[in-house]
Amino acid sequence: MLLYILKRVLSAISVVIVTLVASFALFFFAPTDPAGVICGPRCTPERVADIEASLGLDQPKVEQIALYMKGIVVGREYSTGGVVRHCDAPCLGYSYTLGQPVTKLIGAALPVTVSIVLGGAVVYLIVGILSGTIAAQVRGTSLDRFVVGTTLVVQAIPYFVFALLIALYATFLPDSGYHPFLDNPLTWASGLLAAWLTIGVTNAASYTRYSRASMIEALGQDFVRTATSKGISRRRVVYRHGLRAGLTPVVTIFGIDLAFQLTGAIFTESIFNLPGLGLLTLRAFGQYDLPVLMGGVLIGSAVLVVMNLVVDIVYTFLDPRVRLG
Amino acid sequence: MEPLIEEAELSRKGAPTDPIGAPTGESVKKVDTRRKSPTQIALARLRKDKVAVICGSIFLFFVLIAIFAPLLAKLEGQDPTTLNQNLIDQYGFPTVAPNGEHWFGVEPRLGRDLFARWVYGARPSLIVAGSVTVITTIIGVIVGLVAGFLGGWIDRILSWFIDFVLSLPYLLFAIAVPAALLAVFVGNTENAGNDEVAQVRFYSLIIVLSFFGWASLARLIRGEVLGLREREFIAAAKVLGVPTRKVLFKELLPNLVAPIVISVSMALPAYIVTEAGLTYLGVGLTEPTPSWGLTIAAAQNWYRADPLYLWIPVAAITILVLALSLLGDSIRDAFDPRTRR
Amino acid sequence: MSDQTTGVPQTVSRVPRAAATGEEAYLEVTDLQVQFPTADGLVRAVQGLSYSVPLRRTLAIVGESGSGKSVSSMAVLGLHDRRVARITGSIKVGGREVVNMSDKDLEGFRGGDAAMIFQDPQSSLHPYFTVGNQIIESYRAHNNVSKRVAKARAIDMLGRVGIPNPSRRVDQYPHEFSGGMRQRAMIAMALVNDPKLLIADEPTTALDVTVQAQILDLIADLQRDFGSAVVFITHDLGVVAEIADDILVMYAGTAVEHGPVNKILGEPLHPYAWGLLESIPALTGEPQPLHPIPGSPPSLLAVPSGCPFHPRCEFKDRVPDDWCTTLRPDLIPRTADLGRTSRCHLKDPDKVFETEVLPRLP
Amino acid sequence: MTAATTPAKSGVRSVPGAPLLELQNVKMHFKAKGEGFLARKTQWVQAVDGVDLTVQPGETIGLVGESGCGKSTTARLITRLLEPTAGEIRYQGVDIAHMSERKLRPYRREIQLIFQDPYSSLNPRHTVGTIVGTALRTHGMVPKSGELSRVQELLEVVGLNPEHYNRYPHEFSGGQRQRIGIARALAARPKIIVADEPVSALDVSIQAQVMNLLENLRKELGIAFVFIAHDLGVVRHFCDRVAVMYLGRVVEEGPRDALYLKPQHPYTQALLSAVPDIGVVRGVPPKNRIRLVGDVPSPVDPPSGCRFRTRCWKAQDICATDDPALIERAPAQRVACHFAEPPAESILAETA
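Just so you know, the sequences run in chain order A, B, C and D.
Residue numbering for the first sequence follows the working numbering, starting at 977 and increasing by one per position.
Residue numbering for the second sequence follows the working numbering, starting at -18 and increasing by one per position.
Residue numbering for the third sequence follows the working numbering, starting at 1082 and increasing by one per position.
Residue numbering for the fourth sequence follows the working numbering, starting at 559 and increasing by one per position.
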């Protein structure tokens, strides 16, 4: 078991390292002109040289990676226009367009993304699992067909279209915007409500289908028949025996979904104008702010890898056959 | 599925001691010998599914629009690039409503013909989604087959790579990679022409989506192959001395038809959405390529004054994707009766 | 499994079975019909089944797959989904009617008065709960006791079904048990509430022969101790010979023969039963060629007219007037012996058996 | 290969006078995931651990034992679906144990396998004609034009309607599918067929049909059989000689009647006594039965010495230290037990 976790951690680290090297190669080894791009249209050759030196672009490629890695571990210095700025570990580079270390920018963006995604998750988990479980129990009835039909339609509507229409037409919802939770939980919630509902409704459709399918399978298992034959109530059969087996795969899917949403709430953030990780990356794309882009990609990968790891470990606790086998 | 063929036909002439050849043996019934394969049965099931037929027709309708876009635009007498500034007032609002000349009206601000842009807009959606689907399917099937069937260290390497790709945040990459590719192919982005940028964006979109798309299918196929490999009919083929290549393509591959068809039918609408979504965000296709995503992005600022501008592409993409998704669902039901509701 | 006791020679001689007591039936099934409407048509799984079992007696229901033996037994415990299955007729357990019983009453009845053990102990136990947990749940569903008391009871039951080291085993998960141990645990769970009726649905089919022998002994012993009525479903005539007092042979959803075990296996009256006996290779004597029934069992979507067995029956020519194809025979006594019934038009089946079938039995 | 071998034109070599098939000390160990908490060392499942077996042309040998005893693995070793960890598998005197797939191909035709599961053993996407004709095409046994008539002939031989050659497996019942599997094996004109539980997935009445079919084929075509089953009655009915396996070993082997009437190994005795016998109700006196305690130990960590000792009532200290060899205890009857002896009274009830 411990060995298994260790193995998974090692493989997770290998993924992050390969991602790091690959994206570094993509952004900085390509025959590009990162310094020129960073510098912008009104640029002097001195400033380009300055940026190149501060980014270490004048160094051999291997040393550049080493420097970047070193930055992640112990931090590094950047100098722009003679001013030396310190970038604390873990340093993922320095954004010239925003004049701030990438870590700091991401640090500011992450709480936004996490708030959006977790709030949305609460909505779709409750709605999805509840309606899925109910639909599974009344399988074949008109209620079940209605639920399944609705999920099919909701799932098929492109997410960004749905979000856009909500943003444009659902004017009765409070204006969206991000206000830190600690300042005022109420304004925090009201600012995110539209985004939560959007994520919640669209994802609830898929969770309804997952949990319905999973529950139908679980309720068809021999051990559910055994439980029924013991004379315990139908409710207990469904919610203790069925749900326990039926929800285990849903938990796995949820872990992976959550990870992807943390890295991909871009549409939500962009449409509802919430300054999260996605919007930060999007803005960086518009300004060719390569250090921020790369930082975003790295953080995203790390989040995904860690979440996958968590899912695997949680699963071993959910299923005693894995835990002890 | 219990006996579907009457056992009376089992009888064997001239072997009275054999209990199988019991009484009724003399008249071997003439039977219809042309039978349906599992795939044919699935297709027959699909043809009977009304939803599938309707959705398939809708999809075909959009494909025809994309193919005959120039013809349709000519029919209307317009093209997607001409700026009809004369039809725009000083605030950018169009002065004409949809009419015989401009069937869907004209764009605010630029005054380009909306119908022409709409029919042309079907093209990038279908081309990008179609080619990505084809590329990812081919790569996914090959990688999955090889990894699952050969096993050993090849499987370990391929599986690691599949897991690796699946654990990358693909939306972030979809934003970041075009930026890098643009720099690689165009060099200094400042001097690049619009057309050149648009072209690079087009290809980099296909590359990025393909790079991230094949892995899930590969994992699925690998799993299927691992399961099928343990089935006894594969062992039977080996015992008969059937060469590995033939086992792979003649025994295994036909059994993968269902998962491949299902995956293709699910992938196509997903890529259409992704293309339009990324384009909407400004990281997919760019002007002057006519694209629904671009139109939606531009139209969202005019949604009150000119709702048609927004709603036509929104309706198009929603209907197309809805039709394809429902079709995909029907296909899955038809090919995998276990999932039937 | 670590706690395996080293082999002790166990030479068991079976105690002769109780003679038919004529006691009042505890389980009484009358004209039971179970049908499942499906997309392909109506599946007639059970058609007009009647039998009864008194306490302290074991009825074996024998039949091939699709004969309706499992479906009918699940109906006894009301385990069919009422939205899917159409059940008519009467099932009386201890005088109470089970068909149309309310859900609430069913819950009290299942696992209390009547319990069931299933074929595959691997899939019939919940993989995520400990064995003890599952037994405790069963006990507490019918007895208002604390968890501690229930656990003590669970340990006691595990010990009683021959699981070594029960106080440790009680906290283990099913996958930590071997196949035979799992089936013992299932039996412990079924018997925890002292049910008066035990239905065993192919409980030894998934087990090895030596383990099967252990489980059969266990069920027989427990039945003696608990005094319950047992319905034992199996397709194995050898097992029937070991465990049953009475036999009910099923074919295509109906009973074709019913009577005491030595009669049915010794001198059966129905051609289907003859065919079954002629299909089983013997363990002794010079191996004789088998004489199997031709064809295969009918689809329950289209059960043949008249006697459902007629398309496979080699004696149907002996019956006049196409009765076999047009007229469904009743389940009635066909010989002087009133204690046994069969569903066949053939005249003097006992003589046919003696002169034609017996000589060619393997 | 020091012995003189005669290459036949089929590419199959043979040593004159050698038995058709000979297994010598064949072992198959599979890698298994260990169970340790931290230090998970590689463990080996000793599925087959030193099996000796000889099959003469036309002979039928039965392999019985409970689940996990290695009988199915043995079937896969003989047909070389698995490559043994150790030991020799000689076909007509030629060791095929480690032969490359290419060299093996001609041999494959002569050693065929019939499977247990009539559902998974037929490719659902192929027609019956394609399935049965696989051997014909693979080995170029008949010209293309003659394939159909040969397939139809084979279908008729196994009692199926020859007109059904282009139907798909899903249209057939379990018993019919098993016949298709038999026709597929016969198409190769094998000299030996390994039948791995060919009837255990079938209903009793269908089981007897298939057994009769196999028996007729054996008599008519003179094919040797290795017949694997867990049902002692079925094996007795079909086989000349029977080998009993326990935990990867053959514990007793001998002519059918000797083995069933005078079994010498305690396990064989227990096994026979555990079989529920229908004879009881036919006026045969109830037999005394031996009941084993517990289950078969794990093949990952089998007991030292004699593998049966943990469940054996005769076990003594020597059984834990000395592994009993398979020695001839009665004419042609070999037993691997330190205390082998025939039972005091017959285990099986004698019918009158």
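Beta carbons: idealized from backbone N, C-alpha and C, even for Gly.
Since the model is a prediction, treat every value here as computed from it, not as a measurement.
Identity of the residues DSSP links to residue i by a beta bridge
i                 : result
Gly1122 (chain C) : C:Thr1119
Ala958 (chain A)  : Residue 958 (chain A) is absent from the model: chain A starts at 977 and stops at 1301.
Val804 (chain D)  : First, the amino acid is wrong: residue 804 (chain D) is Tyr here, not Val. Its beta-bridge partners are D:Arg807.
Gly1149 (chain C) : Gly1149 (chain C) pairs with nothing; no bridge assigned.
Lys589 (chain D)  : D:Trp602
Thr1315 (chain C) : C:Val1143
Ala1422 (chain C) : Here the sequence assigns Thr to residue 1422 (chain C), which means Ala is not the residue at that position. For Thr1422 (chain C), which the question treats as bridged, DSSP gives the partners C:His1339.
Gln736 (chain D)  : Its beta-bridge partners do not exist; DSSP assigns none.
Length of the line joining the Cα atoms of residue i and residue j
i                 : j                 : result
Met1270 (chain A) : Ala248 (chain B)  : 28 Å
Glu593 (chain D)  : Pro860 (chain D)  : A caution first: Glu593 (chain D) carries a pLDDT of 45, below 50, which makes its placement in the model too unreliable to give a value.
Arg1220 (chain A) : Thr1228 (chain A) : 13 Å
Asp310 (chain B)  : Ala239 (chain B)  : 13 Å
Leu978 (chain A)  : Val1273 (chain A) : 30 Å
Arg725 (chain D)  : Phe1210 (chain C) : 46 Å
Ser272 (chain B)  : Pro294 (chain B)  : 9 Å
Pro1077 (chain A) : Phe588 (chain D)  : 55 Å
Residue i (DSSP reduced to helix, strand or coil)
i                 : result
Phe783 (chain D)  : strand
Thr1228 (chain A) : helix
Ile1244 (chain C) : coil
Phe1293 (chain A) : helix
Pro1150 (chain A) : coil
Phe316 (chain B)  : helix
Thr1169 (chain C) : strand
Leu772 (chain D)  : helix
Arg1052 (chain A) : strand
Asp1112 (chain C) : strand
Leu1285 (chain A) : helix
Cys1394 (chain C) : coil
Gln1128 (chain C) : strand
8 Å Cβ cutoff, residue i in contact with chain D
i                 : result
Gly204 (chain B)  : no
Pro235 (chain B)  : yes
Gly111 (chain B)  : no
Ser244 (chain B)  : no
Leu1382 (chain C) : no
Closer than 8 Å to chain C by CB, residue i
i                 : result
Val833 (chain D)  : yes
Ser1246 (chain A) : no
Ser758 (chain D)  : no
Spatially closest choice to residue i from the options, by CA coordinates
i                 : options                                   : result
Val584 (chain D)  : D:Lys702, D:Gly704, D:Gln891 and D:Val808 : D:Val808
Val1282 (chain A) : A:Val1049, A:Thr1239 and A:Ala1171        : A:Thr1239
Leu305 (chain B)  : B:Gly258, B:Pro294 and B:Val254           : B:Val254
Ala741 (chain D)  : D:Leu718, D:Ser763, D:His896 and D:Glu755 : D:Leu718
Leu207 (chain B)  : B:Ser191, B:Asp136, B:Glu256 and B:Gly274 : B:Asp136
Leu1128 (chain A) : A:Ser990, A:Arg1216 and A:Arg1185         : A:Arg1185
Leu113 (chain B)  : B:Tyr284, B:Gly194, B:Ala155 and B:Trp99  : Going by the sequence as given, residue 113 (chain B) is Val instead of Leu. For the residues B:Tyr284, B:Gly194, B:Ala155 and B:Trp99, the minimum Cα distance to Val113 (chain B) belongs to B:Gly194.
Minimum Cβ-Cβ distance from residue i to chain B less than 8 Å
i                 : result
Pro1296 (chain A) : no
Ser679 (chain D)  : yes
Tyr649 (chain D)  : no
Residue i at chain A interface by Cβ criterion, 8 Å
i                 : result
Leu1239 (chain C) : no
Please identify, using Cβ separations under 8 Å, the residues of the segment 1270 to 1301 of chain C that lie next to chain E, in order along the chain.
Structure shown: chain E not included; protein chains present are A, B, C and D.
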